[in-house]
Structures are given as structure tokens and as C-alpha cells.
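Below is one structure, written out as C-alpha cells, with a few remarks after it.
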Amino acid sequence: MAFQPTLRRNQLIAPFGVGAIHVLKGSRAVVTAGLDFWYKSASPEQIQSVTVREPRLEKRLGVTHFRLPPGPETNLNGAPELTIPLFRFPTWYVCPRCHRMEQRTLGTDGDASCQQPSCNGETMRQISFAAVCDHGHLQDFPWKEWVRRVKNPECAAQNCPIYYKAGGSGSLEDISISCKSCRKKRTLSGIMRATPPDSEASDPKQQRGSTRLSSMLHAENSEGETEESGPEFLCQGGRVWLGEQPAQSGPCCTRPLRAVLINATNVHYARVESALWIPSSDDDSKLTKLMTLLDQPKIRVRIKSLHSFNLATEQIAQNLLQNHASDLNGYTEAEIQAAIGGESGPEDPPSQGDLNEEELIRYPEYRKLQEPRRPFTAEEDPLEIRTADLVKMPENLRSFISGISLIDKLRETRVYRGFNRLVPQSVEGAPHPNSLLWRYPPQQDQDQWLPCSIVYGEGIFIRFNEDRLAAWERDSDLESHIRPLQEREEGAARRMGRPARTILPRFLLLHTLSHLLIRRLVFECGYGSASLRERLYVSDNPSALMAGILIYTASGDSEGSMGGLVRMGEPEHFSRILKDAIDDAKWCSADPVCTEIGENGGQGIDGLNIAACHCCALLPETACESFNCFLDRSLASSFFSPICS
């Protein structure tokens, strides 16, 4: 374990969460260590200071609580200072003077010096390449196998040195790896080349990924001679962020190994789940207060001890009432059992058995965001909502919009639940995201937790007219327009081994409209486009019909913001912004190319956009929930056609 990073707390949720590679001052590349190392020496008081409760997310993610990354308040008097440990990775270094490559340990601290006498302790630099698989594993690039083109090279077993030499062009073809013992030499040409086109895809541009190293280790050499084939070099199951090199990781993963640059975006896709704070009913509020009491260190220790004896929940509740009567005064045995067992939670929508996981989180928010709320204690109740008077909105727009809520203050809990590599979504057969975060997963339920950040902001919530939307969705031409996009999504899902997403017309419309509105708002309210986010409330489930957009700003450095975004939600301002956004959708500065490409094979990642490009509809990745996919600005003109003429 090595350095302590200078990062903000929310950066340890994304983009520098567990398993992510980042570069510190002095060009030292490191990987964030797993959760086993985060609170290893923490006292109960320190853990209590960073504990966060969000029952709806806890229930969904199967944990008992969340924790903030270590920060100033965890460094209590008399308690050890808490830091986030990091491992030095990649572990291969090269001397800029003699070009000799050496491998060090994950715990290397400080600068690595060349051991050759002629180099006089020259500082070595880390190699910029690594290898990953789509099951989330990460390991060093197989340099010895690459240059010798065999899985277990004989001269590598004898620790014969290899050399890394880069020419002046900066291209991969100008970087060579050589072994002076066996006199073999090989360039890095081709290691980052895209995978050959799939037979299912008509457009090679829709392919993603890096070359499979297992198929290139036995390629032709520089003289054109075919090397003798051998066993494939597959992923070794390396989990370097948990302190495990491949040789210590047990059986091989057997997935194809792929070469990547350590600063490439596909090395680490953070999986973040979020929920807005919404007020609970009186009963649920009482339960939340009880759960907070049970989180006191002295009570948590007792609960953990009683659990270790496999006592029933009823017996644990009785024991707590006997030994902590003063703390739990006013709570019944049944209420304590419910809090310990997690049998109750905050307000759930009716018929929740008919809702999927996403709807269970968002439908309660969708309903609460429509209700005005002005709490008296903003710090304890961080949600302030005003409903706009739509009478001030032009009549032709009122038929499309059912309501606008001006949210002066909101609080969002963002939870880091794992990560993917190479592709944003998990592929079939991949390990559960939570399992990648731990070397030794906790056995006790009360020790199940995930890291989170709390951010505050303001926003505008727009709810669209369901009747108008349903009538638009019945258009026969709409289905034929979206069908090619759905087919491309299904093809991409098959290639990546993930479930295909059903693309709802209303989702495509509201997602695109959200992007168009954000692009207009950055000119009006002074926020940068990366400072605004979208949160979509879209469902055609009869038990949870949703058609809404929340555009908000959230910052971990301050509570709330300056009010500029909320002001743009006032009907007189929003009417103008909406009309400008619709006008923007009619024409792109890249037209006719943007429109024609969208109609002929799609554009963007895997062709999952129709008429949408960086000139008209795309946003920074931090602002979009769907990686800038599933966008089509032509639908905005289609839906608002009565006011576009």
C-alpha cells in the first residue's frame, strides 16, 4: 500500500472508486484499494461519524448502511487518522537511460530507481499499459509472453531481462520490446486495434473493444515467420486493487485478455446508484430515528455480539430493551425487531410487487416532486419545493406540460456499488458487482456496507401531459422509426453478452428533450454543462406511469446553489427556453450529415443514436444517465408539432 490521494470525497465514488486507476503528483499511477482496507483501524466513533442511512437504497442493494469516504470529521482526537490506501500499479517500470524493464511490488512507495550500476540510480517510470477482461479483472500487460510469443517462456523463468524502447514518433509501431537472451524482438503494433467486425454487424464502426491478446501472442514475427502455436494466454483473474497479483488469484478467469492504456475511459466504468431524499410517513420517520439510535457504537457492538450467537431477532430485541432501556425509551419490542430485521422501510408506492427495481426507487420520488414542500428546518429536512403557476405559460404549451416544480433544495445520495471494464454494462456470467469490492466479503449482515457521497443542489422538475404523450405514442409511423434502433441495441447486447434494453418511445423523447434543455440552460443560468445532471422518470407501467424530467445541479462542496437554475423554471422563462430547445432540434450545424447518418445505420456508440451528435444533443458523460445513447432530436419536433408550425 502506498500513497494517500488528494481527492474530494465524491471523487472516490466516481471516477476514482475502488478498482480505478489514477495518476498522482509526480506521475505515480495507482489503483484505489478495496473496501477491506478502508476502515481497517477505525474506531466505532469514527465509523459512526461517516455512517449514512438511505433505507430505499439499502433495501435495493442488500446492505445495512452506507459510509462516506474518510474525511476531516473521521480524524477524531485520540483516534488513528483514516486514509484511503492505494496500490502502485502498473508494477512494471522502465529505465529511461538503459531501457531495462523491471517489475516491483504493489506496495512500492516513492520513486523506483534503476539497479544497474551504469545508470547511477536513475528514476524509473511506470509503463502506461495494462490488461483487463470484461469480468472486471485487472493485471499487468504480459510483457514476457508478448515478446516471446509463448505462455510460459523458458528464458522468463530464468529472469532474463527484457527491454522497452520507444522511438520518436509516439506510435505503437515505434515501441519495441526485446529480450537479449533469446534475441526476440516485437513491437506493440496492433495491441490497441479494434476487434475484427462481427458477422452480425453491417458497419465496422459499430464495433468496440481492444484486440484479444490471446489471439495475438502467436502471431507472425517481424520476419513473417509463423510462430509455433501454443495454449491461449487468457485472463489470469488479477485483482490488483485487492492486493492480488494473478499468481495469487487462484484459477484463471479464462476470459479473453485485452490491452488498454491505463488512462483509457474503458478501464473503469463506475456503477453508481442514487436516490433523492424524500420525506417519510410518520411511522417510517419513527423507524428511521430508531435505526439511528441503534447505530450508536455501544448498541451496534452489542447487536453484533448477539448475532454471533445466532440468537433470534426477538431475543436480541429483548436484550436491547433490558440493557439500553434509557436509550430506547418509547420504542416497543416489535419496532426494534423491525429495525434490526429490516422488515420495514419508507413509503413505498402501491402495488409495489408490480414494479421493477428502478421504479421502486423513482416512483416515490416522482410523486413527491409534484407536491409543494417548504420545511421549517431545512438542515434536517433537505427538500424544498415550490410549484409553478402554469397560468403564466402560453396556452399552446400548457397542453403539453402538466406541472413544473421549482426545487430550491434537494439532497442526493450516490452509492458506489461496483464497476465494469471494457463495456459500461455487466456481461453475461460476470461476477456480481459487490463481489469485486471485497477480498474477504463480510459474513455478518450488519457489516454489509457500500461507500457513498451526499450532495446538495437545486433543480427543475417538469411533468409532461400523460394523455398527450399516450396519443403521440399511438402514431403508427413512430414504431417503424424506432425499430432499427431497437434492433441495433439487441445486436449490441448479443455481442457484449448483456440483456437488451427495451427502448420506449417516451424514453427516447424525454431523454433527448432533457439534453436539449440542458444545452439551452447553460447559456441562461451560468452553470457549465458538466455541472448539470438529468434524472429521468419514465415508465409505461400502469402501476407507476411516469413522464418527467428532473434537471438539477449537485455539488459536494456546498449545500445548495445560487438559485439561477430554479429561476429558469419560472413559467415565463421556461416557456422561452423550451421553445428555443425545440427550435434547436430542427437543425444541426452538422446537417445534413447528422440526420442522414442517423437514418442509415445510426451514430454514436454501437449506432445507438439516431439524429444526435456533439453539435446538437450530446452532453458530458457526467450529465447523462445513459452514456449519451438513445437520443433522437427529430422526436422533439414530432411531439411538439402543433406549436412548431
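Heads up: the sequence shown runs through residues 3 to 647, numbered per the numbering used here.
Here a beta-carbon is modelled for each residue, glycine too, at the ideal position from N, C-alpha and C.
Look up D142 in the DSSP assignment and give the residues it is bridged to. Start at 1 with the first residue of the sequence shown, and residue 142 comes out as number 140. Answer is A132, bridged to D142.
In the DSSP assignment, what residue or residues form a beta bridge with R537? Taking the sequence shown and counting its residues from 1, one reaches residue 537 at position 535. BP columns for R537 point to L552.
Nearest to E47 (by Cα), restricted to the options I462, P72, S328, R58: Taking the sequence shown and counting its residues from 1, the one referred to as residue 47 is at position 45. The residue with the shortest Cα to Cα distance from E47 is P72.
Alpha carbons only, please: which of L308, L278, G550, V425 is nearest the one belonging to L59? For the purposes of this step, residue 59 is identified with residue 57 of the sequence shown, where counting begins at 1. The candidate whose alpha carbon is nearest that of L59 is L278.
Taking the straight line between their C-alpha atoms, what separation do you get for Y529 and L515? For the purposes of this step, residue 529 is taken as the residue at position 527 of the sequence shown. For the purposes of this step, residue 515 is taken as the residue at position 513 of the sequence shown. Each residue's alpha carbon lies about 18 Å from the other.
For Y95, which residues from the same chain have a beta carbon less than 8 Å from its beta carbon, with the 5 sequence-adjacent residues on both sides left out? If you number the sequence shown from 1, residue 95 lands on position 93. Closer than 8 Å at Cβ, skipping near neighbours: M103, E104, Q105, R106, A114, M126, R127, Q128, I129.
Report back the beta-carbon spacing between A31 and I264 to the nearest angstrom; my notes put them in contact at under 8 Å. Taking the first residue of the sequence shown as position 1, residue 31 is located at position 29. Taking the first residue of the sequence shown as position 1, residue 264 is located at position 262. Right, the Cβ-Cβ distance comes to about 6 Å (below 8 Å), so this counts as a contact.
Exposure label - F311; buried when at least 16 CB within 10 Å: As a position in the sequence shown, residue 311 is number 309, starting the count at 1. That one is exposed.
Of all the options I406, S591, H270, which has the alpha carbon lying nearest to the alpha carbon of I551? Taking the first residue of the sequence shown as position 1, residue 551 is located at position 549. Among I406, S591, H270, the Cα nearest to that of I551 belongs to I406.
Host alpha helix (DSSP H) of C596 (start-end): For this step, residue 596 is matched to residue 594 along the sequence shown. Note, C596: alpha helix (DSSP H), 595–601.
Per DSSP, cross-strand counterpart(s) of W148: Position 146 of the sequence shown holds residue 148. In DSSP, W148 forms no bridge with anything.
Consult DSSP for W243 and reduce its assignment to one of helix, strand or coil. Taking the sequence shown and counting its residues from 1, the one referred to as residue 243 is at position 241. Three-state result, W243: helix.
CB-CB length for Y458 against R413, believed under 8 Å: Residue mapping note: residue 458 aligns to position 456 of the sequence shown, counting from 1. Residue mapping note: residue 413 aligns to position 411 of the sequence shown, counting from 1. Contact flag correct, Cβ pair sits at about 5 Å.
For P573 and L511, I'd like the C-alpha separation in whole angstroms. In the sequence shown, counting from the first residue as 1, residue 573 sits at position 571. In the sequence shown, counting from the first residue as 1, residue 511 sits at position 509. Distance between the alpha carbons of P573 and L511: 21 Å.
Below 8 Å on the Cβ atoms is my guess for E124 versus R99; work out the distance and round it to an integer in Å. Your numbering for residue 124 matches position 122 in the sequence shown. Your numbering for residue 99 matches position 97 in the sequence shown. 5 Å between Cβ atoms; contact.
Excluding the 5 residues flanking M570 on each side, which residues of the same chain have their C-beta closer than 8 Å to its C-beta? Taking the first residue of the sequence shown as position 1, residue 570 is located at position 568. I462, L523, E526, C527, F576, I579, listed in sequence order.
Check whether the Cβ atoms of C617 and S636 lie closer than 8 Å to each other. Within the sequence shown, numbered from 1, the residue matching residue 617 stands at position 615. Within the sequence shown, numbered from 1, the residue matching residue 636 stands at position 634. No. Outside cutoff.
Environment of N630 [buried if 16+ CB atoms lie within 10 Å]: Within the sequence shown, the letter at position 628 stands for residue 630. Of the residues assessed, N630 falls on the buried side of the cut-off, its CB having 16 or more other CB atoms within 10 angstroms.
Closest by CA to A556, which one among E460, D410, L471, F641? Within the sequence shown, the letter at position 554 stands for residue 556. Selected option, being the one with the closest Cα: E460.
Evaluate H434 with the Cβ neighbour count: other Cβ atoms within 10 Å of its Cβ, from every protein chain shown; 16 or more gives buried, anything less gives exposed. Here the question's residue 434 lines up with position 432 in the sequence shown. The residue is exposed, with fewer than 16 neighbouring Cβ atoms inside 10 Å.
Alpha helix (DSSP H) segment containing S577, residue limits: As a working note, residue 577 is residue 575 in the sequence shown. Element bounds for S577: 573–588.
Mapping DSSP to helix, strand and coil, what is L9? Counting from one through the sequence shown, the residue named residue 9 turns up at place 7. Looking at L9 - three-state DSSP - the assignment turns out to be coil, as it is neither helix nor strand.
Are the stretch 255–272 and the stretch 18–27 in contact at 8 Å, needing three or more beta carbon pairs? With contact defined as three or more Cβ pairs closer than 8 Å, the stretch 255–272 and the stretch 18–27 are in contact.
Taking the DSSP output, what are the residues bridged to S721? One cannot answer for residue 721 here, as it falls past the ends of the chain, which runs 3 to 647.
Determine the direct distance from the alpha carbon of F68 to that of D449, and round the result to whole angstroms. Position 447 of the sequence shown, counting from 1, holds the residue named residue 449. Position 66 of the sequence shown, counting from 1, holds the residue named residue 68. Going from the Cα of D449 to the Cα of F68 covers about 10 Å.
Taking the alpha-carbon positions, what's the L534 to C162 distance? By 1-based counting over the sequence shown, the position of residue 534 is 532. By 1-based counting over the sequence shown, the position of residue 162 is 160. Approximately 54 Å between the Cα atoms of the pair.
Secondary structure at E360, three-state DSSP: helix, strand or coil? Counted from its first residue, the sequence shown places residue 360 at position 358. The answer is helix: DSSP assigns E360 an H, G or I state.
Here's a check: name, in chain order, each residue in its chain whose Cβ is nearer than 8 Å to the Cβ of D582, leaving out the five neighbours to either side. Here residue 582 refers to the residue found at position 580 of the sequence shown. Same-chain partners within the cutoff: R522.
Go ahead and label K300 buried or exposed: buried means 16 or more other beta carbons lie within 10 angstroms of its beta carbon, across all protein chains shown. Along the sequence shown, read from residue 1 onward, the residue named residue 300 stands at position 298. Per the 10 Å Cβ criterion, exposed.
T415 and I456 look like a contact to me (Cβ under 8 Å); what is the Cβ gap, rounded to whole Å? To locate residue 415, count along the sequence shown from 1; it is residue 413. To locate residue 456, count along the sequence shown from 1; it is residue 454. Rounded, the Cβ-Cβ distance is 6 Å, consistent with contact.
My guess is that F402 and R470 are in contact by the Cβ rule of under 8 Å, so how many angstroms apart are they, rounded? Locating residue 402 in the sequence shown gives position 400, where the first residue counts as 1. Locating residue 470 in the sequence shown gives position 468, where the first residue counts as 1. The pair is a contact, with the Cβ atoms about 6 Å apart (cut-off 8 Å).
Whole alpha helix (DSSP H) elements within the stretch 467–516, 4-residue minimum: 468–475, 478–498
Closest residue to E361 among K588, V152, V540, N321 (Cα-Cα distance): Position 359 of the sequence shown, counting from 1, holds the residue named residue 361. It is V540.
I'd like the list of long-range same chain contacts for W440, defined as Cβ closer than 8 Å, with 5 residues on each side in sequence excluded. Mapped onto the sequence shown, residue 440 falls at position 438. G36, L37, D38, L244.
Excluding five sequence neighbours on each side, which residues of the same chain lie with their C-beta closer than 7 Å to the C-beta of L480? Position 478 of the sequence shown, counted from the first residue, corresponds to residue 480. So the qualifying residues of the chain are P507.
For a quick check, are the C-beta atoms of I387 and P374 less than 8 Å apart? Along the sequence shown, one-based indexing puts residue 387 at 385. Along the sequence shown, one-based indexing puts residue 374 at 372. In contact: I387 and P374 (Cβ atoms closer than 8 Å).
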